[in-house]
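Visitor:
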Amino acid sequence: MEGIFMRKTSIIAPLGTSPPVITEFLQYVQEAMFERVTDLTIIVTREPAVLEGKELVKAAVKHRYPMVHIHEEELPFTDITSDEDHLEFMKICARILREQREIHRAEKVYLCVAGGRKDMCITLSLLGQYFGVNGVFHVIMPEIKAYSAELERVRYEISELARAEDKERYYKEREEIFEKLMYPPAESYTVIRIPIIPTPQNIIFDVFKLLKARKVSRKDVELPLSFLKDLEASKIIKITQNFIYTEEIGYNILKVLGEVI
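Numbering-wise, the sequence shown is residues 5 to 265 according to the working numbering.
1. In chain order, what residues of the same chain lie with their CB nearer than 8 Å to the CB of Ile8, ignoring the 5 residues before and after it?
2. Pick helix, strand or coil for Gly139, following the three-state DSSP scheme.
3. Taking only the alpha-carbon atoms, compute the straight-line gap between Met71 and Ile248 and give it to the nearest angstrom.
4. Counting beta carbon pairs with one atom in the region 44-62 and one in the region 23-34, are three or more of them shorter than 8 Å?
5. Using the beta-carbon count (16 or more within 10 Å), is Glu6 buried or exposed?
6. Could you tell me whether the Cβ atoms of Leu158 and Leu185 are closer together than 7 Å?
7. DSSP on Thr85, reduced to helix/strand/coil?
8. For Ala118 and Ala17, I'd like the C-alpha separation in whole angstroms.
9. Could you tell me if Ile162 is buried or exposed, where buried requires 16 or more neighbouring beta carbons within 10 angstroms of its beta carbon?
10. With DSSP run on the structure shown, which of helix, strand or coil describes Lys219?
11. Cβ atoms of Val195 and Val143: under 7 Å apart, would you say?
12. With a CB to CB cut of under 8 Å and the five nearest residues on each side skipped, what residues in its chain are close to Gly262?
13. Tell me where the alpha helix (DSSP H) around Phe231 begins and ends.
14. Would you tell me roughly how many angstroms separate the C-alpha atoms of Thr13 and Glu28, rounded to the nearest one?
15. Confirm, please, whether the CB-CB distance from Ile243 to Glu251 is below 7 Å.
16. What did DSSP end up calling Ile253 once you bin it into helix, strand or coil?
17. Can you look up Arg173 in the DSSP assignment and give me helix, strand or coil?
18. Which residues bound the beta strand (DSSP E) around Leu287?
19. Work out the CA separation of Glu179 and Glu35 for me, nearest whole Å.
20. Tell me the residue span of the alpha helix (DSSP H) that contains Leu44.
21. Name the residue from Val48, Lys149, Pro80, Asn246 whose alpha carbon lies nearest to the alpha carbon of Val225.
22. Would you call the CB atoms of Leu79 and Thr49 closer than 7 Å?
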């Protein structure tokens with residue numbers, strides 16, 4: 005048990021307007037999976053309520069798990085409203101995923117997709133398959149009405165904490181209120197693992213080699229024809245009798261992920 009606990013584990017979590025889902029998952033990894041979380045990356049938009057929730061998460065983590073290194077990633081928009089926003093989000097997430105092992109030296113990387121916008125969580129989960137994450141998780145609160153009511157009751161305190169000069173002190177002074185919200189009993193919520201199938205790195209490299217070529221002879225491509233047909237169906241490439249061409253979506257993928265994969 006001790007050897008397992010000493011491994012470095014990193015969590016990446018988009019944040020929406022329900023801050024507790026991040027600390028609930030952190031608590032689950034630490035106390036149910038017996039894994040030492042060393043890094044937590046919180047992804048937020050510029051939405052004011054989300055930014056306030058981020059400050060609550062940071063204070064709660066520092067209070068109970070002070071050894072966890074917190075990293076913040078603020079997206080350059082309040083919401084994803086265009087293809088350009090989505091591509092930018094993909095680029096940022098790809099960088100974050102790569103940093104977990106290259107910079108933070110994490111042996112395990114978990115995604116918590118219980119918070120944040122659905123489109124963000126879906127995109128992050130899909131990218132996780134390319135970067136070999138060790139698990140994608142969702143947090144479920146069976147008593148969602150009671151949970152939502154409790155969250156709304158402390159909205160004022162959450163806003164006040166975000167404005168406080170000493171946020172950790174403010175949290176500690178209202179510990180009874182915040183701890184009950186941020187770290188409920190383990191039996192009050194359920195964490196589920198979302199099955200994913202990691203994509204082999206050699207396949208990823210071959211696909212990007214194909215996209216970078218822009219135009220390549222079919223006989224020079226070693227990827228299975230069935231897989232190429234799937235790429236064509238997704239409008240990533242176009243297959244002719246003798247050549248394979250990179251389509252616009254393929255260009256976008258290359259532009260967004262080409263530097264980090």
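Glycine included, every Cβ here is placed at the ideal spot set by N, Cα and C.
Guide: Once the coordinates are examined:
1. In this predicted model, Ile8 has a pLDDT of only 48, less than 50, meaning its place in the structure is not dependable; the value taken from the coordinates is given anyway. Answer for Ile8: Phe38, Glu39, listed in chain order.
2. strand
3. 51 Å
4. yes
5. At Glu6 the pLDDT is 48, less than 50, meaning the model places this residue with poor confidence; the figure from the coordinates comes in the next sentence. By the 10 Å Cβ count, Glu6 comes out exposed.
6. Note on residue identity: the sequence assigns Val, not Leu, to residue 158. Cβ distance < 7 Å, so Val158 and Leu185 count as in contact.
7. Looking at Thr85 - three-state DSSP - the assignment turns out to be coil, as it is neither helix nor strand.
8. Those two C-alpha atoms are separated by around 8 Å.
9. When all chains shown are included, Ile162 counts as buried.
10. strand
11. Yes. Within cutoff.
12. Phe212, Leu215, Lys216
13. 229-237
14. As the crow flies, the alpha-carbon of Thr13 is around 16 Å from that of Glu28.
15. no
16. helix
17. helix
18. Beyond the ends of the chain as shown, which are 5 and 265, falls residue 287; an answer cannot be given.
19. Their backbone Cα atoms lie some 20 Å apart in a straight line.
20. Segment 41-48 is the beta strand (DSSP E) holding Leu44; no alpha helix (DSSP H) there.
21. Asn246
22. Cβ atoms of Leu79 and Thr49: closer than 7 Å.
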